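In this note's numbering, the protein residues as written are 80 to 410. Ideal Cβ positions, reconstructed from N, Cα and C, are used throughout, including at glycine. None of the values given here were measured: they were computed from a predicted structure. Take a look at the structure below.
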Ligand SMILES: NC(=O)c1ccc[n+]([C@@H]2O[C@H](COP(=O)([O-])OP(=O)(O)OC[C@H]3O[C@@H](n4cnc5c(N)ncnc54)[C@H](OP(=O)(O)O)[C@@H]3O)[C@@H](O)[C@H]2O)c1
């Protein structure tokens with residue numbers, strides 16, 4: 080009798096263990112599918128029309144003329160959107176608009192030049208007016224500014240500090256405040272916010288940049304839940320390094336994709352999570368970043384990450400100072 084009861088208990092524990100092992104295995108299979116296999120929402124949901132270019136809805140991209148923003152502008156046009164380009168330098172905007180229109184005949188472009196670091200309410204009003212007759216369905220909040228080089232907060236230039244907050248937080252709010260109500264009215268829209276691993280881990284010596292990107296994490300989630308009820312999809316794109324003038328990385332690798340590959344991965348995974356599994360309204364589009372995201376979020380202790388980020392930033396700062404000194408000597 081006692082032996083039988085013991086056997087039942089052992090079998091019960093074994094079944095429980097097997098069930099847990101199965102759940103864990105299924106979780107990792109699902110994570111793999113999220114990162115590599117499952118595709119996201121089709122862009123046609125938001126009015127893209129590849130077959131009859133020019134008749135589709137519009138996408139607006141901030142920081143549109145270089146790096147990731149330029150690639151979003153080109154690939155959204157390729158996918159059948161008309162594009163509003165917003166950035167700082169008018170010549171670059173004109174050239175990119177012409178480039179897109181000749182590459183994808185029929186596509187319409189419009190542009191507006193503004194410096195988000197010093198933008199006035201009148202400029203935001205002008206942007207709203209300029210686009211009021213356009214059926215904007217997609218907003219890519221891409222513009223972003225980082226520190227010229229890693230710097231201890233106590234030595235930070237207040238002008239640079241202010242610019243980062245203005246571009247990364249204030250401008251993103253104002254632009255979204257213009258377009259989110261329009262997206263809500265049309266009952267189908269998409270807002271993508273360019274986030275950074277700096278906001279997730281917190282990066283010492285890039286304090287203001289990291290803080291501004293951390294703001295975008297909370298803001299995107301809150302906004303996503305609000306706009307879900309209006310059929311507007313919101314996602315923060317959690318991003319590690321991408322080749323660009325901001326990252327100062329010139330050579331691509333598995334860890335650092337070219338903007339073209341990065342944006343293609345993002346547009347294929349709209350409304351999925353990939354490595355940000357379990358974090359609502361967040362997508363880590365690039366597969367290698369997705370693994371780093373998952374491991375650092377769920378396994379590596381935060382204190383270890385902070386110390387590692389500090390020593391990496393310090394190293395980058397030393398190299399940047401040496402480079403600046405060399406350049407000064409060469410003058
Ligand atoms: N690259 C990365 O490794 C990385 C990693 C994580 C997150 N991100 C985020 O991704 C986004 C794009 O970064 P990126 O590397 O592609 O940048 P980028 O190559 O430096 O391009 C920046 C773009 O933004 C425009 N811009 C810069 N300052 C502006 C201002 N004050 N007002 C208006 N436009 C301005 C630039 O226009 P002009 O050419 O006219 O100056 C350019 O079109 C940012 O939000 C960044 O934080 C990037």
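Remark: the shortest separation between the CB of residue 195 and any heavy atom of ligand 1 falls under 7 Å.
Between residue 120 and residue 350 a beta carbon distance of about 5 Å is seen, short of the 8 Å cut, so the two are scored as contacting. Around the beta carbon of residue 252, a 10 Å sphere encloses fewer than 16 other beta carbons of the protein chains shown; the residue is thus reported as exposed.
Taken through DSSP and simplified to helix, strand or coil, residue 270 comes out as strand. Under the 10 Å beta carbon count, residue 229 is surrounded by 16 or more other beta carbons and is classified as buried.
For residue 254 against residue 220, the beta-carbon gap comes to about 6 Å, under 8 Å, which counts as contact.
Secondary-structure assignment with DSSP links residue 137 through a beta bridge to 161 and 215. Between residue 311 and residue 374, the CB-CB gap reaches or exceeds 8 Å.
Residue 82 sits exposed, since fewer than 16 C-beta atoms from the chains shown fall within 10 Å of its C-beta. Under a 10 Å Cβ-count criterion, residue 191 is classified as buried, with 16 or more other Cβ atoms of the shown protein chains found around its own Cβ. Not a single heavy atom of ligand 1 lies less than 7 Å from the C-beta of residue 92. By the beta-carbon neighbour count (other beta carbons within 10 angstroms, threshold 16), residue 305 is exposed. The beta carbon of residue 334 is closer than 6 Å to those of 367 in its chain, skipping five residues each way along the sequence. With respect to residue 292, residue 247 sits close: the two C-beta atoms are nearer than 8 Å. With contacts defined as CB atoms closer than 8 Å, residue 243 and residue 273 fail to qualify as a contacting pair.
Taking the Cβ of residue 391 as the reference point, every heavy atom of ligand 1 lies at 7 Å or farther away.
Our two residues, residue 103 and residue 187, have alpha carbons roughly 49 Å apart in a direct line. In the same chain as residue 114, and ignoring 5 residues on each side of it, the C-beta atoms closer than 8 Å to its own belong to 353, 354, 366, 369 and 370, in chain order.
Contact check for residue 205 against residue 266 fails: the beta carbons are separated by 8 Å or more. Boundaries of the beta strand (DSSP E) around residue 312: 311–316. Taken from the Cβ of residue 339, every heavy atom of ligand 1 lies 7 Å or farther away. Taking the C-beta atoms as reference points, residue 140 is found no nearer than 8 Å to residue 179. The continuous stretches of beta strand (DSSP E) do not include residue 308, and DSSP gives it neither H nor E. For residue 132, the shortest C-beta to heavy atom distance toward ligand 1 is 7 Å or greater. Shown here, residue 188 sits in a strand according to DSSP, grouped into three states.
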